[in-house]
Amino acid sequence: MSLGLPQVEVPFLVPMHGLGGAKDLPIPLPLAVAAATAALVISFCVLALAWRTPRYQDAGRGRPVPSALARLVDGAAFEWTLRVLGLLFFAYVSWALIRGPDLVNNPALGTFYVLVWVGLVPASLLFGRVVRALSPVRTLNLLLARITGGDPAVGLGTYPARLGYWPAALGLFAFVWQELVNPQSAYLGSVRIWLAAYLAIMLIGAAVFGDVWFERADPFEVYSNLLAKLSVWGRDGDRLVFRSPLANLATVASLPGLVGVVAVLFGSTAFDSYKDTIAWQQFVINLRINEQVTNSIALLVFCLIVGVSFTAAAMSTGVERSERDAVRRSALPDLLAHSVIPIIVGYMTAHYLSYLVEQGQMTLMQLSDPMVDGSNLLGTANWSVNYWLSFHPSLLAVIKVLAVVTGHVVGVVAAHDRAIKLLPPKHHVTGQIGMLLVMVAYTATGLYLLMGGF
Amino acid sequence: MLRALRLCSLLVVVVLVVGACGSGSNGNTSSSKPATSGTTTLDITFKGNTVTPQGALVKVKAGTPLKLHIVADKPGELHVHSSPEQQIAYKAGTTDATLTLDKPGIVEMESHALDKLVAQLEVR
């Protein structure tokens, strides 16, 4: 990068919006059209040709992993190694967050927005429930219970079942608001407040309800646990098993609020793409209302559109009324919401791949210098960022489109398999049309936004 | 079932053709959407609390210098959110600067003092 006179090299420039420098080029129109068409055709092929009896719904068992591996993974040594590593890393980054200077190259920012938030996607897809294993709030709760002689799983009361995943949906919304809307997002102060509130809510909630609170309310853990259902790691009761990702996905617990969680995850990523388009920026300028208010409303609207459209599509089917064990129509959205998770993964991959690779390398370098004083504590400070991916925009575009289409296909198959289990035979085909259309709409919108919204 | 199968094979063929067309014209995208030949120079005017252009889309070629002709009524800085970030200071009056972006991508050029997006640079 060279710059004519007058030039100033400023390493700590805060962008007006979040973290990160250049963004990806829009994907080419023909590629997007081909992908959208493929998604449409595959969807209806699945509907017309795929199996008529559920394949994955009762495939709960899976193949047991080799006993040595199971013993290692479930052993106390392995568990506590991860817990200590998670806690040490949290302490190290907290040091940078609390004592480090308020500069955009303070590693606390990159760790929070890139390594943790985006990095948990590939980590969970590869290794399963990584946040649960590393989570510092879980470890703190465990240690508090040890000290007080209590049981970390037991709180003052029982967690109300009807709350389901709703606290996590709220927590996720709080995160995406902080990342995408808060004008202070790239300043340490706002991250300190966010994390302090997170820590307090997690520990108090766990004291009140026991550690089930983390599985229902911790935005990072809930997100990671859902993604882990697309990994090969599953549990049959307490036993660690290998399972095909589609069979594993069918084991997502359909609790109240699952639709809310997927709506926030998908809606916010779509908003993140949309808010960078010139059309939206011009609209915000011409509106002459506080930008923060406009963006907050827009973020909420994006999430609501996903939630409402999905709920309507899932319920747009005939259900059996007479049978005793018939599925109630109102239960359908949460029973089908797991099928949006692969679509989210595909879109997240497309949206964040180059960001994770390049900003992630930057953060690893910054982690050596938590006080931003030129030190090299971990030996990574002298690395340089490899921008190979950005220099191959055509390859990047193809990877993005393949990710979106793959996510779509897996989602459609998952929804089909669940629908033929839930719906009465006479509604098997017609009952799926609403879901298919809404999924095609999500994928087409995603591709449109990846084209830069032109 | 058989009819559905035939219909689907037909649709798949259509997709493959569309996909082939897509990838065929893919190579031409750069020539069908050329870096607008006039945009090797970008005029930027600051006046009071306004900047022209505001939120413009400017296509530039990777590695080719972009000349900036800045006319301003008071000094300030342009922030270029490339990776790594760059900053261009300008004075009251006329400032000429050049900016070379070597990595393909979308780069935002902002005035933080005015809290406004000047241009999105589409680098190919």
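Line by line, the protein sequences are chains A and B. Taking numbering that gives the first Met the number 0 as reference, the numbering of the first sequence is continuous, increasing by one, and the terminal residue is 453. Taking numbering that gives the first Met the number 0 as reference, the numbering of the second sequence is continuous, increasing by one, and the terminal residue is 123. Built from N, CA and C at the ideal position, the CB exists for glycine as well.
Check the Cα spacing between residue 451 of chain A and each of A:396, A:152, A:317: the tightest is with A:396.
Within the same chain, and ignoring the five residues on either side of residue 64 of chain A in sequence, the residues whose Cβ sits closer than 7 Å to its Cβ are 239, 240, 241. Taking a C-beta distance under 8 Å as the contact criterion, residue 353 of chain A and residue 394 of chain A do not qualify as a contact pair. Under DSSP, residue 67 of chain B takes part in a beta bridge, and its partners are B:41, B:96. Boundaries of the beta strand (DSSP E) harbouring residue 117 of chain B: 115 to 122, taken from the DSSP string. Here residue 89 of chain B is bridged, per DSSP, to B:75.
With a beta-carbon spacing of about 7 Å, residue 67 of chain B and residue 95 of chain B fall inside the 8 Å limit used to define contacts. Between residue 50 of chain B and residue 110 of chain B the beta-carbon gap is near 6 Å, inside 8 Å, which marks them as a contact. Of all residues in the segment 268 to 281 of chain A, the ones placed with a Cβ closer than 7 Å to any Cβ belonging to chain B are 277, 280, 281, in chain order. Chain A has a Cβ within less than 8 Å of the Cβ of residue 80 of chain B. In this model, residue 384 of chain A and residue 85 of chain B are separated by some 16 Å (Cα to Cα). Within the same chain, and ignoring the five residues on either side of residue 209 of chain A in sequence, the residues whose Cβ sits closer than 6 Å to its Cβ are 152, 153, 154. Listed as beta-bridge partners of residue 55 of chain B by DSSP are B:118. According to the DSSP assignment, residue 129 of chain A belongs to the alpha helix (DSSP H) that extends over 129 to 133. Closest in alpha carbon position to residue 364 of chain A, among A:357, A:356, A:379, A:350, is A:379. Ranked by Cα distance from residue 95 of chain A, the first of A:417, A:369, A:342 is A:369. Per the C-alpha coordinates, the member of A:26, A:25, A:23, A:49 positioned closest to residue 412 of chain A is A:49.
The beta-carbon distance between residue 105 of chain B and residue 23 of chain A, rounded to whole angstroms, is 7 Å. This is short enough to meet the 8 Å contact definition. Taken atom to atom, the span from the alpha-carbon of residue 122 of chain A to that of residue 147 of chain A is near 33 Å. Distance check between residue 103 of chain A and each of A:185, A:282, A:312 places A:185 closest, using alpha-carbon atoms only. In this structure, DSSP gives residue 39 of chain A a helical state, which the three-state scheme calls helix. Inclusion of residue 406 of chain A and residue 344 of chain A in the CB contact set at 8 Å is warranted, their separation being smaller than that value.
Closest in alpha carbon position to residue 371 of chain A, among A:26, A:108, A:212, A:34, is A:108.
One Cα belongs to residue 150 of chain A, the other to residue 134 of chain A, and the distance between them is close to 18 Å. Taken atom to atom, the span from the alpha-carbon of residue 366 of chain A to that of residue 377 of chain A is near 7 Å. Looking at the DSSP output, residue 46 of chain B shares a beta bridge with B:49.
Closer than 8 Å to the CB of residue 284 of chain A there is at least one CB belonging to chain B. Selection A:445, A:431, A:283, A:441 evaluated against residue 51 of chain A yields A:431 as nearest (Cα-Cα).
A buried status is given to residue 40 of chain A, since no fewer than 16 other beta-carbon atoms sit within 10 Å of its beta-carbon.
In this structure, DSSP gives residue 239 of chain A an extended state, which the three-state scheme calls strand. Within chain A, 20, 21, 22 have C-beta atoms less than 9 Å from the C-beta of residue 106 of chain B, given in sequence order. For residue 215 of chain A, the secondary structure class from DSSP, reduced to helix, strand or coil, is helix. Selection A:189, A:300, A:335, A:247 evaluated against residue 97 of chain A yields A:189 as nearest (Cα-Cα).
Secondary structure in the segment 382 to 426 of chain A: the alpha helix (DSSP H) runs of 4 residues or longer, each lying completely within the stretch, are 392 to 421 in chain order. Counting along the chain, the unbroken alpha helix (DSSP H) around residue 314 of chain A starts and ends at 290 to 314. The three-state secondary structure of residue 106 of chain B, taken from DSSP, is strand.
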